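Peer 1: In my numbering, the protein residues as written are 67 to 281. Right, I'll just put the structure down here and ask away after.
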Amino acid sequence: MNESILLQNTIAGRLVRGLSAALASLGALLLIVTVTPLVSWCARTLAGPWDDPRGEVLIVLAGSSTNDGVIGGSSYWRSAYAVFAYHEGGVRQIIVTGGSNTPTPTAVSMGTFLECEGVPARVISLETRSTSTRENALYTQPLLSAGIGRPVLLTSDFHMFRARRVFQRLGINVSPRPIPDVAKRASTWTGRWPAFLDLISEGVKIVYYSARGWI
């Protein structure tokens with residue numbers, strides 16, 4: 067009887083200590099993410115150079131969207147910076163690539179946004195079949211007009227590392243033009259934890275793409 071009680075107390079003690087250690091680790095991680103520049107540093111590292119290259123072809127990767135086809139935060143910022151790039155001059159073709167499981171593909175909604183911001187419809191090409199970064203590159207390749215000029219890839223800072231390498235693996239030599247996404251959200255402490263979760267998700271995808279030989 068005493069041995070049974072002792073065993074139960076031992077197991078309970080281990081569970082309590084394990085739970086306490088897990089909670090302490092989670093609290094430490096939350097503190098590090100919230101009060102240190104870790105998230106911003108990771109975003110800058112994944113983004114690569116921020117020299118805003120110019121080219122005749124701008125490839126814009128679609129991001130998030132709602133169930134009714136309205137562009138989400140990442141798609142909005144990518145579209146907005148695509149507008150800025152177009153109005154700088156020199157862009158002859160904008161390819162927006164990315165479908166979705168909603169009735170209206172994300173690329174279509176982003177293309178509408180570009181037109182509303184003064185980009186002529188004749189400049190915009192839409193690719194609506196892709197549902198992954200690799201498919202973005204695969205289905206964009208046929209849309210690249212031979213001899214039209216240098217392609218520039220525009221996507222979120224944390225996404226650029228994987229996206230650029232996917233395109234290059236398929237023989238599309240793009241110049242990276244990252245936009246501040248995670249870096250922008252990390253400017254406020256309330257935005258750092260959601261941004262950190264996006265970084266974790268992207269890290270898993272980088273490992274997966276690397277294992278498949280796609281980057």
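Ideal placement from N, C-alpha and C gives every residue a C-beta, glycine not left out. Here the structure is a predicted model, which means the values were calculated and not measured.
Just grab the DSSP bridge partners of residue 243 for me.
Peer 2: Its beta-bridge partners are 220.
Peer 1: Check the DSSP bridge columns for residue 127 and list the partner residues they point to.
Peer 2: Residue 127 is bridged to 163.
Peer 1: Cutting at 6 Å between CB atoms, please list the residues of its own chain near residue 80, excluding the five before and the five after it.
Peer 2: Cβ neighbours of residue 80 beyond the five flanking positions: none.
Peer 1: Within this structure, are the beta carbons of residue 128 and residue 172 separated by less than 7 Å?
Peer 2: Against a cut-off of 7 Å, the Cβ pair of residue 172 and residue 128 comes out as a contact.
Peer 1: Evaluate residue 268 with the Cβ neighbour count: other Cβ atoms within 10 Å of its Cβ, from every protein chain shown; 16 or more gives buried, anything less gives exposed.
Peer 2: Burial call: buried.
Peer 1: What are the uninterrupted segments assigned as alpha helix (DSSP H) that are 4 or more residues long and contained completely in the stretch 157-211, given in chain order?
Peer 2: Complete alpha helix (DSSP H) runs here, min 4: 172-182 and 199-206.
Peer 1: Quick check: the Cα distance between residue 200 and residue 233, rounded to an integer number of angstroms?
Peer 2: Each residue's alpha carbon lies about 8 Å from the other.
Peer 1: Please determine, among 224, 132, 149 and 119, the residue with the shortest C-alpha to C-alpha distance to residue 215.
Peer 2: Closest option to residue 215, Cα to Cα, is 119.
Peer 1: Is it true that the CB of residue 204 sits closer than 7 Å to the CB of residue 55?
Peer 2: For residue 55 there is no data in the structure shown, the boundaries of the chain being 67 and 281.
Peer 1: Just the Cα atoms here: how many angstroms apart are residue 142 and residue 163?
Peer 2: Spanning the two alpha carbons is a distance of roughly 14 Å.
Peer 1: Rank 170, 270 and 159 by C-alpha distance to the C-alpha of residue 209 and give the top, closest one.
Peer 2: Residue 209 has its Cα closest to that of 159, out of 170, 270 and 159.
Peer 1: Taking the continuous alpha helix (DSSP H) assigned at residue 257, which residues delimit it?
Peer 2: 255-278 is the span of the alpha helix (DSSP H), which, as asked, contains residue 257.
Peer 1: For residue 238, write down the residues that DSSP places opposite it in a beta bridge.
Peer 2: Answer is none; residue 238 lacks a bridge partner.
Peer 1: Excluding the 5 residues preceding and the 5 following residue 244 in the sequence, name in chain order all residues of the same chain whose CB lies nearer than 6 Å to its CB.
Peer 2: So the qualifying residues of the chain are 113, 223 and 226.
Peer 1: Tell me whether residue 177 is buried or exposed, calling it buried when 16 or more other Cβ atoms sit within 10 Å of its Cβ.
Peer 2: Buried.
Peer 1: Output needed for residue 271: all residues of its chain with C-beta closer than 7 Å, excluding positions within five of it in sequence on either side, in chain order.
Peer 2: For residue 271, where only same-chain residues beyond five positions count, the Cβ hits under 7 Å are 228.
Peer 1: Could you tell me how far apart the beta carbons of residue 193 and residue 157 are, in whole angstroms, since I believe they sit closer than 8 Å?
Peer 2: Actually they are not in contact, since the Cβ atoms of residue 193 and residue 157 sit about 17 Å apart, beyond 8 Å.
Peer 1: Of the residues 237, 197, 181 and 149, which one's Cα is nearest the Cα of residue 207?
Peer 2: Checked all of 237, 197, 181 and 149; the closest Cα to residue 207 is 237.
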